[in-house]
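Asker: Quick note, in the numbering used here, the sequence shown goes up one by one and the last residue is 289.
Starting off with a structure, shown below.
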Amino acid sequence: MPAPERIPSRGLTEDGVRTLLAEGELTVLGQVRGASNAVLYCTVTHEGEARPCVYKPVAGEQPLWDFPDGTLARREVAAYEISEATGWGLVPPTVLREGPYGEGMCQLWIEAERDEGADVTDGDRPADGLPPLLALVEGDEPGDGWKAVGFAEVGEGKTALLVHADDPRLRRLAVLDAVINNGDRKGGHLLPAPGGRLYGIDHGVTFNADDKLRTLLWGWAGEPLTAEAAEVLDRLSAGLEPGAVLTTRLAELITAAEIDALRGRVENIRRTGRHPQPSGDWPSIPWPPV
Ligand SMILES: Nc1ncnc2c1ncn2[C@@H]1O[C@H](COP(=O)(O)OP(=O)(O)OP(=O)(O)O)[C@@H](O)[C@H]1O
Ligand SMILES: [Mg+2]
Numbered sequence: 000m001p002a003p004e005r006i007p008s009r010g011l012t013e014d015g016v017r018t019l020l021a022e023g024e025l026t027v028l029g030q031v032r033g034a035s036n037a038v039l040y041c042t043v044t045h046e047g048e049a050r051p052c053v054y055k056p057v058a059g060e061q062p063l064w065d066f067p068d069g070t071l072a073r074r075e076v077a078a079y080e081i082s083e084a085t086g087w088g089l090v091p092p093t094v095l096r097e098g099p100y101g102e103g104m105c106q107l108w109i110e111a112e113r114d115e116g117a118d119v120t121d122g123d124r125p126a127d128g129l130p131p132l133l134a135l136v137e138g139d140e141p142g143d144g145w146k147a148v149g150f151a152e153v154g155e156g157k158t159a160l161l162v163h164a165d166d167p168r169l170r171r172l173a174v175l176d177a178v179i180n181n182g183d184r185k186g187g188h189l190l191p192a193p194g195g196r197l198y199g200i201d202h203g204v205t206f207n208a209d210d211k212l213r214t215l216l217w218g219w220a221g222e223p224l225t226a227e228a229a230e231v232l233d234r235l236s237a238g239l240e241p242g243a244v245l246t247t248r249l250a251e252l253i254t255a256a257e258i259d260a261l262r263g264r265v266e267n268i269r270r271t272g273r274h275p276q277p278s279g280d281w282p283s284i285p286w287p288p289v
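What follows is the structure in structure tokens.
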């Protein structure tokens, strides 16, 4: 699959969207219900352009036992920086800025296409409430075009096989998650967008110095990296040298120890040449998976 088009929002370049997000006037329209942190749906306006966005103020972050308080917004921006360095454009443009409730992250709102991948391997049955690109199947074979994640309890003592699509965009995201040490890649955080792009959102619990990789995207665990991913990791490795532009940017967002751990993960994946396997000392699949 060719690299996605690098224009994330009609009529504006990636730089233009970043400027809009960073410098535009932010107006809160509402709060996204059911989120663990304060997630505010906003519009941002600048030089005659307006876009919907999400603003997550640091003040609205719930404390977590394994992450220092008030650091999630910066981790979201760091995840965007790494996504940009890969050239895969998997994270919507994200900036750190002041807003009506203080400093927070501001990210372009992605209007997801909800109908993608709704059918499952055994016919065209909609995948009961599951997000796009995920399905539950009977038996122990994922079926053509799907990759197995693991068995899931589906009630009445029954289990089913949780599968995700064998999709090159998801495979890139699996590499990105391994690099950023994503502790929470749920199905509901995969947003297929117009033009065939796929975005991942919600990158607050990332870049911990300890191994926290918790994701649904285990379908390629242990398999050799694609040539494309290997090249991307070579470039990333160079980009993370001390003093490099990316490293300097990251130093404003995460700690020196976290940058070292990030380098360690990149080098580890390059050395094995394979998608990582679950570490075994941390629940490897978020539950519920959506
Ligand atoms: N950039 C975005 N584009 C579209 N929708 C978004 C975006 N960011 C967040 N959302 C919506 O807001 C919801 C909550 O955001 P998010 O998951 O990032 O916050 P959270 O506090 O970590 O919540 P959760 O408890 O669900 O993990 C998402 O499930 C999604 O529906
Ligand atoms: Mg979350």
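Note that the Cβ used here is the ideal one computed from N, Cα and C, for glycine as well.
Bear in mind the structure is a predicted one, so any value in this text is a computation, not a measurement.
Is Gly238 helix, strand or coil by DSSP?
Answerer: Stepping through the sequence shown from its first residue, residue 238 is reached at position 239. Looking at Gly238 - three-state DSSP - the assignment turns out to be helix.
Asker: When the distance is taken between beta carbons, is Ala84 closer than 8 Å to Leu197?
Answerer: Residue numbering aside, residue 197 sits at position 198 when the sequence shown is read from its first letter. Residue numbering aside, residue 84 sits at position 85 when the sequence shown is read from its first letter. No, they are not a contact pair.
Asker: Asn180: buried (16+ other C-beta within 10 angstroms of its C-beta) or exposed?
Answerer: Numbered from its first residue, the sequence shown carries residue 180 at position 181. Classification for Asn180: buried.
Asker: So, for Thr26: in the same chain, excluding its five sequence neighbours on each side, which residues have a beta-carbon less than 8 Å away from its beta-carbon?
Answerer: Along the sequence shown, one-based indexing puts residue 26 at 27. Excluding sequence neighbours, Thr26 sits near Cys41, Thr42, Val43, Thr44.
Asker: Please state the DSSP three-state secondary structure of Arg293.
Answerer: Summary: the structure shown does not reach residue 293, with the chain confined to residues 0 through 289, and so no result is reported for it.
Asker: Where does Arg273 sit, in a helix, a strand or coil, going by DSSP?
Answerer: Position 274 of the sequence shown holds residue 273. Shown here, Arg273 sits in a strand according to DSSP, grouped into three states.
Asker: Over what stretch of residues does the beta strand (DSSP E) that includes Val53 continue unbroken?
Answerer: The sequence position of residue 53 within the sequence shown is 54, counting from 1. Val53 -> beta strand (DSSP E) spans 48 to 56.
Asker: I need the straight-line Cα distance from Val119 to His202, nearest angstrom please.
Answerer: Residue numbering aside, residue 119 sits at position 120 when the sequence shown is read from its first letter. Residue numbering aside, residue 202 sits at position 203 when the sequence shown is read from its first letter. With a pLDDT of only 41 at Val119, under the threshold of 50, the placement of this residue in the model should not be trusted; the figure read from the coordinates follows. Distance between the alpha carbons of Val119 and His202: 28 Å.
Asker: Would Asp209 be called buried (16 or more neighbouring beta carbons within 10 Å of its own) or exposed?
Answerer: The residue you call residue 209 lines up with position 210 of the sequence shown. So Asp209 counts as exposed.
Asker: What three-state label does DSSP hand Pro191 in the structure shown?
Answerer: Residue mapping note: residue 191 aligns to position 192 of the sequence shown, counting from 1. Of the three classes helix, strand and coil, the one that applies to Pro191 here is strand, per DSSP.
Asker: Where Val244 and Gly238 are concerned, what is the direct C-alpha to C-alpha distance, given to the nearest angstrom?
Answerer: Working through the sequence shown from its first residue, we reach residue 244 at position 245. Working through the sequence shown from its first residue, we reach residue 238 at position 239. Cα to Cα, the separation comes out at about 7 Å.
Asker: Rank Gln61, Pro91, Met104, Ile81 by C-alpha distance to the C-alpha of Glu22 and give the top, closest one.
Answerer: Translated into the one-based positions of the sequence shown, residue 22 becomes position 23. Nearest of Gln61, Pro91, Met104, Ile81 to Glu22, Cα basis: Met104.
Asker: Among the candidates Glu110, Leu160, Leu190, Gly138, whose CA atom is the shortest distance from the CA of Leu172?
Answerer: Here the question's residue 172 lines up with position 173 in the sequence shown. Of the candidates Glu110, Leu160, Leu190, Gly138, the one whose C-alpha sits nearest the C-alpha of Leu172 is Leu190.
Asker: Tell me whether His274, by its Cβ, gets closer than 7 Å to a heavy atom of ligand 1.
Answerer: Here residue 274 refers to the residue found at position 275 when the sequence shown is read from its first residue. Checking the Cβ of His274 against ligand 1 gives no.
Asker: Would you list the one or two residues that DSSP bridges to Trp145?
Answerer: To locate residue 145, count along the sequence shown from 1; it is residue 146. The partner list for Trp145 (beta bridge, DSSP) reads Ala164.
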